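Chemist: In the working numbering, the protein residues as written are 6 to 152. Even glycine gets a Cβ: it sits at the ideal position worked out from N, Cα and C. Quick caveat, the model's predicted, so the values are computed rather than measured.
1) Considering only C-alpha positions, which residue in the set 19, 49 and 139 is nearest to residue 84?
2) Find out if the Cβ-Cβ distance for the pair residue 126, residue 112 is shorter than 7 Å.
3) State the Cα-Cα distance for the pair residue 131 and residue 94, rounded to the nearest angstrom.
4) Give the secondary structure of residue 99 by DSSP, where H, G and I count as helix, E and B as strand, and everything else as coil.
5) On a Cα-Cα basis, can you pick out the residue from 11, 17 and 8 that is closest to residue 117?
6) Starting from the N-terminal side, write out each stretch of the beta strand (DSSP E) that is 3 residues or longer and does not extend beyond the segment 71-140.
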């Protein structure tokens, strides 16, 4: 548990750079992919780099074959390792984070362009304008889980 907390703490503040997959800087998909691989042994594919807008990045994520490996769940069922798709509809800003549970409380690790990697609870995400939150859990792969 200590190694896990140290890993997550070390990510806080790492800078945002569109298209970055870490470990020194990330975009939102790159950060989620990094966390999924390191903590949950879940491989997420590289996505084609889309530099134009976060909306286009979100569309690339939603239309990618990887999306079929995740099932939407109610927010109150969010568990450690789930993905959270966030949207500020008015600002046309769409975003991805990973729900992590450290101790007894869950937070979403995500990245903001201006401050880098941060941890916010779901209520805080709403307060900063992400009024569209959707949680996703990985569909279990029986072949992979038996290995």
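Modeler: In short:
1) One-based indexing of the chain shown puts residue 84 at position 79. Comparing Cα positions, the closest option is 139.
2) The count along the chain shown starts at 1 and reaches residue 126 at position 121. The count along the chain shown starts at 1 and reaches residue 112 at position 107. Yes, the pair counts as a contact, with Cβ atoms nearer than the cut-off.
3) Here the question's residue 131 lines up with position 126 in the chain shown. Here the question's residue 94 lines up with position 89 in the chain shown. For residue 131 and residue 94, the distance between alpha carbons rounds to 12 Å.
4) For this step, residue 99 is matched to residue 94 along the chain shown. If DSSP states are grouped into helix, strand and coil, residue 99 belongs with the strands.
5) The sequence position of residue 117 within the chain shown is 112, counting from 1. The residue with the shortest Cα to Cα distance from residue 117 is 17.
6) 75-78, 88-93, 98-107, 110-117 and 121-125
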